[in-house]
Every structure is written in C-alpha cells, then in structure tokens.
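No gaps in the numbering here: position 77 of the sequence shown is 62 in this note's numbering, and each next residue is one more.
One structure below.
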Amino acid sequence: MSRVCAITGKRPVKGRKIIHKGQSKKSGGIGLQLVKQNKRTFKPNVQRVRVRTASGAVKRLWVCAKAIKAGLVEKAS
C-alpha cells in the first residue's frame, strides 16, 4: 500500500527526532545539549473509504483523515 491520499496528495515526509540531555538553565544547569538526531518518517493517517465520484460511481480510495473531516469526500453508504 502506498501511503498517498487520493484527494489531497499527502504522502510520507522524512524528518528527524531530536534528543536532548542535560539540566535546564532555569534548574541551575548549563542548558540542554543536542545528543543525536534520529531519522524517521511522518506518515499521514490514510484510510480506505468508499467514495461517490462526481459521475455517481462508487470507488474505494485511500483518503487521509484530514480530507474526511473537512468534507472533501462524499462517503457512499
């Protein structure tokens, strides 16, 4: 399954998870230091939905939750 929304085109994006250590300056330390950056992917919340198209046909599409909430798709019953 490719994690791409059929409506908005949302897809996984690459990013990093930043890890800090140390005591904050407020607590009497010298501040937080960057320890490492782990690579990761941010995946969209994609769900399989039965959608009614403009022509009236019913199709199963991968749609992100944001598009469903915004009402960009008309669900077929």
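Backbone N, C-alpha and C fix where the C-beta goes; we use that ideal spot for every residue, glycine too.
Tell me where the alpha helix (DSSP H) around K51 begins and ends.
50 to 55
Residues in its own chain within less than 6 Å of I4 by CB, not counting five upstream and five downstream?
V20, K21
Whole angstroms are fine: how far does the CA of A61 sit from the CA of K2?
39 Å
Counting only runs of 3+ residues fully inside the stretch -9 to 40, write out the beta strand (DSSP E) ranges in chain order.
-2 to 6, 18 to 27, 31 to 37
Inspect the beta-carbon positions of V34 and I53 and report whether they are closer than 8 Å.
yes
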